[in-house]
Every structure is written in structure tokens, then in C-alpha cells.
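A.B. asks: Note that the protein sequences, when read in sequence, are chains A and B. Numbering-wise, the working numbering puts 271 at position 183 of the first sequence, and it's gapless, one number per residue. Numbering-wise, the working numbering puts 96 at position 68 of the second sequence, and it's gapless, one number per residue. Beta carbons are placed, not taken as given, at the ideal position from N, Cα and C, and that holds for glycine.
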Amino acid sequence: MEIFLQQLVNGLTIGSIYALVALGYTMVYGVLKLINFAHGDLVALSAYIGLVIIMQLAGVLSPALLILITFIATMIITAIGGIVLERAAYRPLRKAPRLSAVVSALGASMVIENGIMLIWGPMPKIYPASVVPNVNFDLHGVYISLMQILVLVISLVLMVALYLFVNRTKLGTAMRACAIDQDAARLMGIDVDKVIVTTFVIGSALGAVGGLFIGMYYRGITFNMGWIYGLNAFVAAIIGGIGNIPGAMLGGMLLGIFNAFISGYISSSWSMALTYVLLIIIMIFRPTGILGERVAEKV
Amino acid sequence: MKRWSLAGLLALVVALLFTVSVFAADVIKIGVQAPITGKFASEGQSIDKAVRLVVEQVNKKGGLLGKKIVVITCDDEGKAVKAAICARKLVNDGVIAVIGSYTSTCTEAAEPIYYRAGVLQTSDGTSDTLVKHGYWTFFRNSSPNSAEAKFTAEFFLKKQHYKRIAAISDYSTFSVNLTNAVVKDLKKMGGNVVYTGKIVSGSQNFTPILTKIKSYHPDVIYFGGYYTDGGLIRAQMVQLGMKADFVGGDSNDNPEFIKLAGKAAVGAYLIDVPLPEMLPYPAAKKFLKAYKAKYHENPASIWTLFNVDGLRVILYAIQQTKSLDTKKIAHYLHYELKDFPGITGPISFAPNGERIGSAYMAYIIGPDLKYHIVYREK
Chain A
89 MEIFLQQLVN GLTIGSIYAL VALGYTMVYG VLKLINFAHG DLVALSAYIG LVIIMQLAGV
149 LSPALLILIT FIATMIITAI GGIVLERAAY RPLRKAPRLS AVVSALGASM VIENGIMLIW
209 GPMPKIYPAS VVPNVNFDLH GVYISLMQIL VLVISLVLMV ALYLFVNRTK LGTAMRACAI
269 DQDAARLMGI DVDKVIVTTF VIGSALGAVG GLFIGMYYRG ITFNMGWIYG LNAFVAAIIG
329 GIGNIPGAML GGMLLGIFNA FISGYISSSW SMALTYVLLI IIMIFRPTGI LGERVAEKV
Chain B
29 MKRWSLAGLL ALVVALLFTV SVFAADVIKI GVQAPITGKF ASEGQSIDKA VRLVVEQVNK
89 KGGLLGKKIV VITCDDEGKA VKAAICARKL VNDGVIAVIG SYTSTCTEAA EPIYYRAGVL
149 QTSDGTSDTL VKHGYWTFFR NSSPNSAEAK FTAEFFLKKQ HYKRIAAISD YSTFSVNLTN
209 AVVKDLKKMG GNVVYTGKIV SGSQNFTPIL TKIKSYHPDV IYFGGYYTDG GLIRAQMVQL
269 GMKADFVGGD SNDNPEFIKL AGKAAVGAYL IDVPLPEMLP YPAAKKFLKA YKAKYHENPA
329 SIWTLFNVDG LRVILYAIQQ TKSLDTKKIA HYLHYELKDF PGITGPISFA PNGERIGSAY
389 MAYIIGPDLK YHIVYREK
């Protein structure tokens, strides 16, 4: 039983990170019908930005303030990165065929990835040991660290906040309108460009939180890690139903939990392969993803 | 016009050949085949510098058998093609022994050429295949990969007395081979391996596999991969409240391991050949001091010192046999040399050119976050 619960904790932790990153994919897809392949690299970039900020401010501020400022500053900088990305790589191709935008996205991904390598070098960079105090709780044989609790709680709060934003606010409603039909939305007086920029800002900022979690929890960051996290998050978004916000959260969590249970109960060597087999099975029965009905309607 | 210059060139070459053979009588030529440029440049240059330092020391004392030693260096760039070219060049230059190369690939590419020319060769290459060709000219001056596995198994069972062993590797050829060899040697010696598994290098989240391993209640986890994963595995073991020891193979030996694992690094064991400054032998301290005095830096790594040992042992054999006949020297090295006091430990060779004994050591990372030797072969 402890093993089961421990695997659940393991899976939920990494799953929350996947979910945060997956939101960026799914929101941009929802509004633009574009797979933003550079999103994973933006996440990696945010981890590096966070590290720079921590190294500058460590020792000057109290730990709680340091974490708070790091998160806010990194989210802002990464959001600006998202805006630049949209301006430079996607807006000029808005009227171009879908494939041109995909190529542009892949190009942007390589630019960011190699840019990180040029600035910070190809060797892994390492977060200082105790940005978050190294506290470990032992709940009857199930171990959970303060960092894991932070990952779970902050992710949950952000996701609920996002859900409320999209469903309860005017801008959120505009976003949903753009997702359904951009031309109609424009006729209704919605500033579509503004909505798109907002989408990139929110997606990038959430990705930045994911990037910081990777840095603070796993500590080692590499210039090319955006690819593997991006891939997993992208798959999570598809499983949940791409374009669907709760779907991305669910997909991320499922991916993390599947992975943990398969490597825990079947075989760690096969965990990735079997995880994807399971995901393919889900796709066969629900081609639009678990919560993806809305996509089906549109098509 | 063209023909004339060609004839002139030929005359020059012939003249040069004559001068070379005239000189050959009163000097002993030693070749260095090393990556002076390219990816391994720092290692190659360090080997070249160290060889020149040793030769300078010998020449200062009047040389060997009354002759001065001359060093000829050829840059193989760490590439097999260049290695073969270098080997032919050094053979043509009339060297009697070659130090190098740094990489196993380059060493193996040059081996048959030296063998056919009867030129002695000593290399730090660790690939097991280097000594499997039956060339009497080849001497390994380091320990092969298989020695690490054997040493690890002995450390586990004779020193630590582990009862339940778990072993993990990543998917790289290096890691799989090393970990499999360790598991094989452990089983051969009667060790109880309760779990073997693989991780995806770079995936960062190892808690699922570690939680699974926890249910086997091992008293040690061996990891035969790289420090980027090893540091995280160690950190996550501690985070999951695992009491088992962590023992990492040689690729975990990197300062970044300690940075990645943080406080969790304390108490972790690593197995590797030692850093130059950790060698416990007096000859090593003396050599390092001389190297630092001449070049104002430390040798690039322990591999430089292995090569120095290769050179020293060959020079010693020349002195003992009072001969420049490579067959005689090789025979002496194979069968008569016993426990020469090398700077990387005692040196003897098996008849296949393999260095006997292992230079591997086991370290524990102490609360001061420094390495402390806990076990080494006597």
C-alpha cells in the first residue's frame, strides 16, 4: 500500500509539471490551431532565467521572498519571450498555410535551444541545493518533500485560476470565442490579436512555472531538456483533447501516473514504451482525446 | 621544369634519410602518438608534456645506455584515420617505442602497424579488445573496463558485505556493458543481486523506479551510468527515505555529481581510478611536483600519469636488458618485470600485454564533500 501511494505521489508530481507545460500547447492550439513546438524550449529557457535570478538574489533575500520574486520575475520575462515568439515567428505567417507555421515553430524551437546553449554552454547547470528548504515528511512510509507539496499545490491553484479566468472573465470569454471562430469573434468586436497575445502570455507564464519546478525539484537543467518535457506535455495535451484546458491538466496527470505505475509494477525499462502503448489505446477509443468533444464538433 | 624540381626533391629526401640514419646510431627515439588538437587536445597535450618532462629528466642524468633520448610527437586528433597515418610516420622516423594513443579507437587503429614494424606501444586505452589481438608489441598501462567490474564486485562482497544488491544502468552501450559486467562478477562471487533495471538518461524523474527498488529492500544500489543521472538518483533516494547505500561507477566521478545530489551526496560511494593528486605513492607526488614546476599546471588527468608509467617502465626495461632490441625488451616486460614502483601503483604485465592489478579505488563522499579512499586493491 505504501508503495502504491508513493508511486501515486511520484506520478502526481511529475504529472503536474507536464500539465502546466501542456496548458501552453493546448491554449495556443485552441486559439490558433497551431502546435507551438517552441513551447518546450521556452520552458527550458525559463529554467535558466530562474537560475540566473536565484544566483543574483540568493543570500540577499529571505527564502520565501526569494522564491516569490523568482517566480514572478521569471513568469514575466518568459511571457515577454512568448510575445516576442508570437510576433517574430507566428504573426507574419498567420495567413500562410498551416504547414509553414509548423516549420516556423520548429525553427523557433531550434533557435531558442541553441541560443540557450550558446549563452550558458552545453553542460548541465545546477540549481543551488536548498532554494526550497529540504524538508521531507514521512507519512507512514510514504515520503513527500516540501518541494513536492509546493509543486502540487501551486499547480492546482494555477489550474483552478486559469479555469476560472477562461470561464468567468470577459477576456476568457473572448478567448473561447476566438477558439470557436476567429472571424465571427472579430465581427463581434473582439480584438483577436490582443486575445492571441494574451494566450501566449498565459501559456508561457504557466510554462515558466513548470520550468522553475523542474529546476528546483530536479535541480539539473540542460539546454535540450525542452524537447523531452515538450514532447511529454504535447502528448499529455493530445490525450486530454488538444484545445481543451481541463483536458490538458487531466492528460498531464494521467501521463505522470501511468509512467509511475508502469515502471513501478511492470518494468522500468519499458515504462516509456508501455506508457505510450496505453496512450495509443486511449486514442483509438477516443480519437479526440478524453475531454476532446469540442474539437470533434469543430471538425 | 617540373621534372627538375621532382629530382631535386628526391635528392633532398635521400639526403634527409641519410642524415636520419646517421643520427639514429647515437640517439634513442621515442614516439608520442596523441590527440594534440581536437576534442581531447588537453589530454593529448598533457601526455606529450609529461613524456617530454620524463625524457628531459633522463637526459639530464646522461641519457640511457649512454645515448640521448629524442621525442617525436604525432597528432592523431583522436581520429582512427589519422592514427594509422601517425603510426606509419613514427615507424618511418625510426622510433623504438610509442606512447599512445589516448583513446582506445586510435590505439587500436595503430596497433597492427607498430606490431608489423616491431615497435613497442603502450597506451592508456581501456577497451578490453586492445590486448586481444595477440600483438607482443602492445602494453596497456591503465586498467581495462573489465577490471572496474571485478574491483566493484570485490568491494561489494569483501569490504562492504552487501546482502541484497540492486543494479541500474541507462541505455548507453558503455553503461549497459559495465553494469552487466558488475552483475556477472557479483553473481560469480556469490553475491545476491535482487534487482536489475534501466533508466532513460536525462529523464530526471527516477522516483518511480526507486520506489519499486525500495520494495526489494536492497542494502545497496549500484548505478553504472553518468553523473548527470547518478546525482539525481542519489538525491531522490534520500528524498524517498531509502537507507540503502549508493555506489556509482566511474562516470559518476565528476564535481557536478556532488552539486546535483546536494547534501544527499554525503555517504555516496564512487568507484574510479584516482585523481592524480590522490595517488598515495611517493613517486607520484614527486612527479606531480616536477610537472607543476615546469608547466605551472597539473596534468590534465590520471591518464597522463598512466602513460608516464608506460614510458618509465619501457625506459627501465631498456636499461635492464642493455638492449634496443624490442623483442628482448618486450620479453623482459612480459616475463621478468615484477611490481615496478610506478606512479600509479605497482606495475607488472601479463603475457598478453595487460597490466596486472587494478588502479581502481573506492571513495566515499564525506561530510566535507570531498573524496576519501575507503578501499583499494593491495
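Of all Cβ atoms in chain A, is any one closer than 8 Å to the Cβ of E284 of chain B?
C.D. replies: At least one chain A Cβ lies under 8 Å of E284 of chain B.
A.B. asks: Measure the C-alpha to C-alpha separation of S197 of chain A and L100 of chain A and round it to an integer number of angstroms.
C.D. replies: Their Cα atoms are separated by approximately 27 Å.
A.B. asks: Classify P63 of chain B: buried if its beta carbon has 16 or more other beta carbons within 10 angstroms, exposed otherwise.
C.D. replies: Buried.
A.B. asks: Answer yes or no: does any C-beta atom of chain B fall closer than 8 Å to that of R307 of chain A?
C.D. replies: Judged by the 8 Å Cβ criterion, R307 of chain A is in contact with chain B.
A.B. asks: For M270 of chain B, count neighbouring C-beta atoms within 10 Å of its own C-beta (all shown protein chains included) and say buried if the count is 16 or more, exposed if not.
C.D. replies: M270 of chain B comes out buried.
A.B. asks: Could you tell me if F68 of chain B is buried or exposed, where buried requires 16 or more neighbouring beta carbons within 10 angstroms of its beta carbon?
C.D. replies: That one is buried.
A.B. asks: Would DSSP call I357 of chain B helix, strand or coil?
C.D. replies: Helix at I357 of chain B.
A.B. asks: Based on DSSP bridge pairs, tell me the residues matched to Q149 of chain B.
C.D. replies: Looking at the DSSP assignment, Q149 of chain B forms a beta bridge with B:V126 and B:F166.
A.B. asks: Where do the ends of the alpha helix (DSSP H) carrying G291 of chain A lie?
C.D. replies: Where G291 of chain A is concerned, the enclosing alpha helix (DSSP H) stretches over V280 to F301.
A.B. asks: For the alpha helix (DSSP H) containing H127 of chain A, list its first residue and its last residue.
C.D. replies: Here the alpha helix (DSSP H) through H127 of chain A covers H127 to L145.
A.B. asks: Using a Cβ cut-off of 7 Å, pull out every chain A residue sitting near V228 of chain B, in sequence order please.
C.D. replies: Here the neighbours are M360.
A.B. asks: At a CB-CB cut-off below 8 Å, which residues of chain B make contact with Y231 of chain A?
C.D. replies: Within chain B, the residues near Y231 of chain A are Q267, L268 and G269.
A.B. asks: Give a yes or no on whether 8 Å exceeds the smallest Cβ distance from L343 of chain B to chain A.
C.D. replies: No, L343 of chain B does not count as interfacial toward chain A.
A.B. asks: Near F322 of chain A, which residues of its chain fall below 6 Å by C-beta distance, leaving aside the five closest residues on each side in sequence?
C.D. replies: Cβ within range, chain order: Y113.
A.B. asks: Among all the DSSP beta bridges, which residues are the ones paired with S233 of chain A?
C.D. replies: S233 of chain A is bridged to A:N224.
A.B. asks: Name, in chain order, the residues that DSSP records as bridge partners for F377 of chain B.
C.D. replies: Note: F377 of chain B sits in a beta bridge opposite B:R383.
A.B. asks: Where in the region 226 to 313 of chain B do unbroken runs of the beta strand (DSSP E), each at least 3 residues long, occur, reported from the N-terminal end onward?
C.D. replies: The region 226 to 313 of chain B contains these whole beta strand (DSSP E) runs: 248 to 251, 273 to 276 and 297 to 300.
A.B. asks: With distance defined between alpha-carbon atoms, name the residue in B:A111, B:I393, B:S329 and B:D337 nearest to F24 of chain B.
C.D. replies: Outside the modelled stretch of chain B, which goes from 29 to 406, sits residue 24 of chain B, for which no answer is possible.
A.B. asks: Only counting the same chain, and skipping five residues up and downstream in sequence, which positions put a Cβ closer than 8 Å to that of A445 of chain B?
C.D. replies: Summary: the structure shown does not reach residue 445 of chain B, with chain B confined to residues 29 through 406, and so no result is reported for it.
A.B. asks: Grouping DSSP H, G and I as helix and E and B as strand, with all else coil, what is Y403 of chain B?
C.D. replies: Y403 of chain B: strand per DSSP, three-state reduction.
A.B. asks: So what does Y6 of chain B bridge to, in DSSP terms?
C.D. replies: As displayed, chain B neither begins before 29 nor continues past 406, which places residue 6 of chain B out of reach and without an answer.
A.B. asks: Decide if the region 299 to 319 of chain B is in contact with the region 338 to 354 of chain A; the criterion is three or more beta carbon pairs, one per stretch, under 8 Å apart.
C.D. replies: No contact exists between the region 299 to 319 of chain B and the region 338 to 354 of chain A.
A.B. asks: Strictly below 7 Å CB to CB, what residues from chain B border S352 of chain A?
C.D. replies: Strictly speaking, residue 352 of chain A in this sequence is Gly, with Ser absent from that position. The answer, in chain order, is P236, T239 and K240.
A.B. asks: Given that K291 of chain B touches chain A, what residues does it touch there, using C-beta distances under 9 Å?
C.D. replies: The contacting residues are A217, S218 and N222.
A.B. asks: Could you check whether T166 of chain A and A293 of chain A sit closer than 8 Å to each other, using their CB atoms as the reference points?
C.D. replies: Yes, they are a contact pair.
A.B. asks: Exposed or buried, Y69 of chain A, counting other C-beta atoms within 10 Å across all chains shown (16 or more means buried)?
C.D. replies: Shown here, chain A extends from 89 to 387; a query on residue 69 of chain A therefore has no answer.
A.B. asks: Return the residues of the region 242 to 263 of chain B that lie within a Cβ-Cβ distance of less than 8 Å from chain A, sorted by chain order.
C.D. replies: Under the 8 Å Cβ criterion, the region 242 to 263 of chain B contributes K242, S243, T256, G259, L260 and A263.
A.B. asks: Let me know the secondary structure DSSP gives A62 of chain B once reduced to three states.
C.D. replies: DSSP places A62 of chain B in strand when its eight states are reduced to three.
A.B. asks: Is I368 of chain A near the ligand ATP, with its Cβ less than 7 Å from a heavy atom?
C.D. replies: The ligand content of the structure shown is nil, which means the ligand ATP is not present either.
A.B. asks: Using 8 Å for Cβ pairs, my map puts I58 of chain B next to V83 of chain B. What's the rounded Cβ distance?
C.D. replies: At roughly 7 Å, the Cβ-Cβ gap stays under 8 Å, so I58 of chain B and V83 of chain B are in contact.
A.B. asks: In or out: D152 of chain B buried (at least 16 other Cβ within 10 Å) or exposed?
C.D. replies: Classification of D152 of chain B: buried, given that the 10 Å Cβ count is 16 or more.
A.B. asks: Are the C-beta atoms of P185 of chain A and some chain B residue less than 8 Å apart?
C.D. replies: It does not: the Cβ of P185 of chain A has no partner Cβ on chain B nearer than 8 Å.
A.B. asks: If we ignore side chains and look at the alpha-carbon of each, how far apart do F334 of chain B and I249 of chain B end up?
C.D. replies: Answer to the nearest angstrom: the Cα atoms are 30 Å apart.
A.B. asks: DSSP state of T114 of chain A, grouped into three classes?
C.D. replies: T114 of chain A falls in the helix class under three-state DSSP.
A.B. asks: Put A390 of chain B into one of helix, strand or coil per three-state DSSP.
C.D. replies: A390 of chain B falls in the strand class under three-state DSSP.
A.B. asks: Given a cut-off of 8 Å, decide if Y364 of chain A and V131 of chain A are closer than it, judged by their beta-carbon atoms.
C.D. replies: Going by C-beta atoms, V131 of chain A is not nearer than 8 Å to Y364 of chain A.
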